[in-house]
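Going down the list, the sequences are from chains A and B. With the numbering used here, letter number 411 in the first sequence gets 411, and the count goes up by one each step, no holes. With the numbering used here, letter number 26 in the second sequence gets 475, and the count goes up by one each step, no holes. Think of the CB as a built atom: it goes at the ideal place given N, C-alpha and C, for glycine as much as any other residue. All of these numbers come straight from a predicted model, not from anything done at the bench.
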Amino acid sequence: MKKKVLSALLSVAMVSSLLIGCGASEETTSAAPADDANAEETEAVDADVEFEAGEGQVYYLNFKPEQDEQWKALAASYTEQTGVPVTVVTAASGTYEETLAAEISKDEAPTLFQVNGPVGLANWADYCYDLTGSDIVSNLTSDAFALKNGDEISGVAYVIESYGIITNVELLEKAGYTVGDIQSFADLKKVAEDITARKDELGFAAFTSTGMDGSSDWRFKTHLANLPIYFEYQADGISDTQAIKGTYLDNYKQIFDLYINNSTCDPKELASKTGDDAENEFAEGKAVFFQNGSWEYGNLTGKGMTDEQLYMIPIYVGEGEESMQGLCTGTENYWCVNNEASDEDIASTLAFINWCVSSDEGTQAMSDMGFTIPFKDAKLAANVFISQDAAYTAAGKNPVSWNFTTMPSEEWKNGVGSALTAYAAGTGDWDAVVSAFVDGWASEKALAQ
Amino acid sequence: MEKAVKQYWPIFVLPTVAAFIIGFIYPFIQGVYLSFCQFSTIKKAKFVGLKNYQYALTDESFFHAFGYTLAFAVVSVILINVIAFLIALALTSKIKGANIYRTVFFMPNLIGGIVLGYIWKTLLDCFLSIIEQPLLALNEKWGFAGLVILMCWQQIGYMMIIYIAGLQSIDKAYLEAAMIDGANKVQTLFKVKIPNVMSSITICLFLTLTNGFKLFDQNLALTGGEPAHRSEMLALNIYDTFYARSGKQWKGYGQAKAVVFCILVIAISLIQLRATKSKEVQA
């Protein structure tokens, strides 16, 4: 008898652990929490549809968790005015691909989703409705903001962002400088090293921690790495390449060295520093410079910083005509419409996104989200970094374009990130970074074919 | 009554069987089918034959992950079971507050893997920075040790409870007989206690072995595979194959790896079950 009970127990244990084990092989399982949240909302939409028979509906799978509430409010307002049901579901941070993969296979699939550029499009091209000739495309300020796949327009950029070195003007003045003093890499280096030399007296450091934890390393392996790629593309007159030469990697090293050697902490500790660490250091006035983007505005003002304290300067790496260099400005957020959706749903979705970027209420909402949108009717966003970017452009400075959308893969970024982390801690050398950058690029591009 | 059960058993079994088929058999078969396809979603899968397996079985990183997982499984199975058994022995002898100790040892099991991973990452990083060693993300050796420490901490309590149950169910008559025959403590342990708890050992070995092979959350949170995939175990390697590059072929490669992984875990646990079950004694 005892044996029978035991074998029954064992079978239960085995079956349950098999279920868990095989769960890993089913991509849908990993997105389960998002499914639950979604299930309720989809039901809500179903209920509406009965009353709105014959009309389409919109289901937007949103990428940006920080704007979740605002999107939902905008959707509700749109539904109130037009009667078209709009569902907004936001994927948890860092799980967009998984969530999209799970959602798009369902009967109630998203009608509107996003990809991050040409590389991300490779996964979803089959699902992208050709937007050629639609209203939203004709409203774009420039063709450059349309994401093309051959002759088709697969996506449109809906937000333009800028990044650079966010500067605490107040602290910089305490150290005896103004933002006007920094016009080149040499200036930046001089100021940073002077602050480091007087660190104890001043009570703050030059740079926030160059955190290489997963929550922060994208600032360096992706955003900072854009600069050597940008200058190489400029020099060679190209916009993508199968084999990067790494001509400007010395400049990359130069700026990275400046960051890690003039920072709030020992370079050895950077491997564990997070994005929140750097943000808090900056908000608490422990450092003058913080490399990040216009999206940080809400977080920084939320932590008590004022517009007068904040200024974004370009990331100078000692290359090109530095006095004419602007912020790094571009996008990696493209809206795509699901071509598997019914014709009514596609029509409703196109109408909805066009309303978002052309109507008074829609553009106001986008501006309140802190978005600069590349559309003719855009309102200027309430974001000091965005107005500074506009000022740089008005002064005739050339924005640095976002070329990291051409980076071969996440795997490439991770390889560069690992090598940078090891270099910062002294367990690896710069050659490993160069190798991850140059050789990794070639091998990852080859794999993407 | 018994007749009715005999007659209507299919109806009683039906809900469970249906759930099992919907929740397990069907997805499993679909998963196996997908491993022969290129796909972005399960709706749009294109059959490509054995190409995915060809990649999966020649991928160097997959083999490294296998070796790493194997080493981890061996070390953690031994450590967890030995320590859990020793604690169970201690807590079944008459010491004061045994129940409190049991609760305390069991508690880590109630915290989820991801949370534990992050907590231990912070702890170990502090420790490593004090002894002036490279932090976890840079340190393959400590990444391994950290995973072992973490898993021991989490699982020992659970296994201990199973061993305690086994030890307590040993018939007192055996122990008394052994004592009267003049057996010393070591002899009692090896000749009486261990043979009588073989069924618990079977369960514990099974659980720790499969857990060791399937480990994912803790691996992701503690080391994330750093430095440069050197501390990546099989499940995380599969996940990375799926998501680290874009393109349909990678989903197929990941799926093929997942099927290989599943077969591997089933095979190893069946062998282990057979081997230990043959040593069980019937009380």
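| Query | Result |
| --- | --- |
| Residue interval of the alpha helix (DSSP H) (run including residue 310 of chain A) | Looking at the DSSP string, residue 310 of chain A is not in any alpha helix (DSSP H); the run it does join, the beta strand (DSSP E), is 310-313. |
| Positions along the stretch 82-109 of chain A whose CB lies within less than 8 Å of some CB in chain B | 97, 98, 101, 104, 105 |
| CB contact check: residue 673 of chain B to chain A, cutoff 9 Å | yes |
| Partner residues on chain A for residue 498 of chain B, Cβ-Cβ distance less than 9 Å | Within 9 Å Cβ-Cβ: nothing; residue 498 of chain B doesn't reach chain A, min ~19 Å. |
| Range covered by the beta strand (DSSP E) that runs through residue 59 of chain A | 58-62 |
| Where the alpha helix (DSSP H) through residue 255 of chain A begins and ends | 249-261 |
| Proximity test, Cβ basis, 9 Å: residue 546 of chain B and chain A | no |
| C-alpha gap between residue 619 of chain B and residue 409 of chain A, whole angstroms | 58 Å |
| The stretch 244-272 of chain A: positions lying closer than 9 Å to chain B by Cβ | 266, 268, 269, 270, 271, 272 |
| Proximity of residue 220 of chain A and residue 185 of chain A at Cβ, strictly below 9 Å | no |
| Within chain B, the residues that residue 410 of chain A reaches when beta carbons sit closer than 9 Å | 689, 692, 693, 694, 695 |
| Range of the contiguous alpha helix (DSSP H) that encloses residue 690 of chain B | 683-692 |
| Cα-Cα separation between residue 259 of chain A and residue 166 of chain A, rounded to whole angstroms | 13 Å |
| Completely contained beta strand (DSSP E) runs for the stretch 341-366 of chain A, where each covers 3 or more residues | none |
| Unbroken alpha helix (DSSP H) run spanning residue 443 of chain A, endpoints | 430-448 |
| Range covered by the beta strand (DSSP E) that runs through residue 115 of chain A | 112-115 |
| Distance, residue 371 of chain A Cα to residue 149 of chain A Cα | 25 Å |
| Rounded Cβ spacing between residue 642 of chain B and residue 616 of chain B (contact assumed at less than 8 Å) | 7 Å |
| Simplified DSSP assignment, three categories, for residue 560 of chain B | coil |
| DSSP three-state assignment for residue 478 of chain B, whether helix, strand or coil | helix |
| Minimum C-alpha distance to residue 161 of chain A - residue among A:211, A:305, A:328, A:291 | A:328 |
| Assigned exposure category for residue 114 of chain A - 16 Cβ within 10 Å defines buried | buried |
| Partner residues on chain B for residue 209 of chain A, Cβ-Cβ distance less than 7 Å | Those do not exist, as residue 209 of chain A stays about 13 Å from chain B at its closest Cβ, beyond 7 Å. |
| N-terminal and C-terminal residue of the alpha helix (DSSP H) that residue 297 of chain A is part of | 297-302 |
| Own chain, CB closer than 7 Å to residue 786 of chain B, minus 5 neighbours either side, in chain order | This structure cannot speak to residue 786 of chain B, because chain B is shown only from 450 to 732. |
| Neighbouring residues, chain A, relative to residue 490 of chain B (Cβ below 7 Å) | 101, 104, 105 |
| Straight-line gap, residue 126 of chain A to residue 103 of chain A (C-alpha atoms, nearest Å) | 15 Å |
| Burial state of residue 21 of chain A, where buried means 16 or more other Cβ atoms lie within 10 Å | Since pLDDT at residue 21 of chain A reaches only 40, below the 50 mark, its modelled position is unreliable, and no value is offered. |
| Identity of the residues DSSP links to residue 335 of chain A by a beta bridge | A:114, A:156 |
| Element boundaries [alpha helix (DSSP H), containing residue 661 of chain B] | 647-663 |
| Contact list for residue 493 of chain B against chain A, beta-carbon separation under 7 Å | 126 |
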